[in-house]
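Undergrad:
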Amino acid sequence: MRNPIHKRLEHFESWQHLAFMASLCERMYPNYYLFCQMTEQPEQAKTYQNILNLVWEYLIVKNAKINFENQLEKLENIIPDVNDYDFFGVVPALDACEALSELLHAIIAGSTLEQAIKLSQISLQTVTVSLETQNEREFSEKELKESEEMVQELDAQWQIYRALNDCEERDIELIAGLKNELRSLGTSNLGIEIQQK
38 MRNPIHKRLE
48 HFESWQHLAF
58 MASLCERMYP
68 NYYLFCQMTE
78 QPEQAKTYQN
88 ILNLVWEYLI
98 VKNAKINFEN
108 QLEKLENIIP
118 DVNDYDFFGV
128 VPALDACEAL
138 SELLHAIIAG
148 STLEQAIKLS
158 QISLQTVTVS
168 LETQNEREFS
178 EKELKESEEM
188 VQELDAQWQI
198 YRALNDCEER
208 DIELIAGLKN
218 ELRSLGTSNL
228 GIEIQQK
C-alpha cells in the first residue's frame, strides 16, 4: 500500500529517520511481547526491548558508544521461525523483529531513508495481514484505506512524522518524549495493549 508519508521522509535528516523508525518499533514491540508471553519466552521480549532501549540511548545521549553489530547478533538469536508455530501471533512477532533489524542496519550502514520507508511499509503490512487473516480474504487498496485499523496506523505514523518534522535540529527532549509517550501507551499497531515498566 502506498503511504504519502514515504515521499515526505526524503526531506528528513538521518536522526529524524532513526527516531521515526524507533517509534514504529516501539509500536510493534507489544506484538512481539505477546508472542513471547504465549510461547513462554520472557527473556526474548526483554532482549528485544533492551536493544530498542540502546537505539533510543544512541539518539538521546550525545556520543553514546554502542556496538550495534553485537546488538544485531543478539536480535538474530530471538527471531522466531514461522514454521515452528501454528498460530498467527508469530507473524506480527516476526515483523517486529524485521523492523528492528532494519533499524539496526540503518544505524550500522548509515543509510536511513530507504530503511525508514521499508519500516513504515512493514508496519502497514502487519496491519494488512492481520485484517486479511481475520476476515479470511484479501482486501482491496480502497477497503484497506477505509478500515479502522489502517486509518489508526496511518494516523499514528503521521503523528510521529509531524512531531519530528516540527524540529529544526536534533531535539533530545522531543525524542525522549516520543519514546516515553509510545511506551506509556503500550499499544501496538494491531491494538494489542501491554503494561510496560
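Per the working numbering, the sequence shown starts with residue 38, numbered consecutively. The beta-carbon is built from N, C-alpha and C at its ideal position, and this holds for glycine as well.
Relative to the ligand FMN, is the shortest distance from any of its heavy atoms to the C-beta of threonine 149 smaller than 7 angstroms?
TA: Looking at this structure, you won't find the ligand FMN or any other ligand, since it has none at all.
Undergrad: Note the first and the last residue of the continuous alpha helix (DSSP H) segment covering leucine 156.
TA: Position 119 of the sequence shown, counted from the first residue, corresponds to residue 156. 150-172 is the span of the alpha helix (DSSP H), which, as asked, contains leucine 156.
Undergrad: To which residues of the same chain is phenylalanine 124 closer than 8 angstroms at the C-beta, ignoring the five residues directly before and after it?
TA: By 1-based counting over the sequence shown, the position of residue 124 is 87. Closer than 8 angstroms at the Cβ level, and outside the excluded window around phenylalanine 124, lie Met75.
Undergrad: Among Leu150, Leu156, Asn226, which residue has its Cα nearest to the Cα of methionine 187?
TA: Position 150 of the sequence shown, counting from 1, holds the residue named residue 187. Answer by Cα proximity: Asn226.
Undergrad: With arginine 64 as the anchor, note down where its alpha helix (DSSP H) starts and where it stops.
TA: For this step, residue 64 is matched to residue 27 along the sequence shown. Arginine 64 -> alpha helix (DSSP H) spans 51-75.
Undergrad: Is it the case that the Cβ atoms of methionine 58 and leucine 150 are separated by a distance below 8 angstroms?
TA: Here residue 58 corresponds to residue number 21 of the sequence shown, with the count starting at 1. Here residue 150 corresponds to residue number 113 of the sequence shown, with the count starting at 1. No, they are not a contact pair.
Undergrad: Three Cβ pairs or more, each shorter than 8 angstroms: is that satisfied between the segment 152-172 and the segment 211-224?
TA: Verdict: no, contact absent.
Undergrad: To the nearest angstrom, how far is it from the Cα of glutamate 47 to the Cα of isoleucine 154?
TA: Here the question's residue 47 lines up with position 10 in the sequence shown. Here the question's residue 154 lines up with position 117 in the sequence shown. Rounded to whole angstroms, glutamate 47 to isoleucine 154 spans 9 angstroms at the Cα level.
Undergrad: Relative to the C-alpha of leucine 141, which residue among Gln152, Asn120, Ile231 is closest?
TA: Locating residue 141 in the sequence shown gives position 104, where the first residue counts as 1. That would be Gln152, whose Cα lies nearest to the Cα of leucine 141.
Undergrad: In three-state DSSP terms, what is glutamate 230?
TA: Locating residue 230 in the sequence shown gives position 193, counting from the first residue. Glutamate 230: strand per DSSP, three-state reduction.
Undergrad: Please report the Cβ distance between glutamate 175 and glutamate 183, rounded to the nearest whole angstrom; I am assuming they are in contact, meaning their Cβ atoms lie under 8 angstroms.
TA: The residue given as residue 175 occupies position 138 in the sequence shown. The residue given as residue 183 occupies position 146 in the sequence shown. Contact flag wrong, Cβ pair sits at about 15 angstroms.
Undergrad: Express the C-alpha separation of phenylalanine 105 and glutamate 206 in angstroms, rounding to a whole number.
TA: What you label residue 206 is simply residue 169 of the sequence shown in a count that begins at 1. What you label residue 105 is simply residue 68 of the sequence shown in a count that begins at 1. Whole-angstrom Cα-Cα distance: 24 angstroms.
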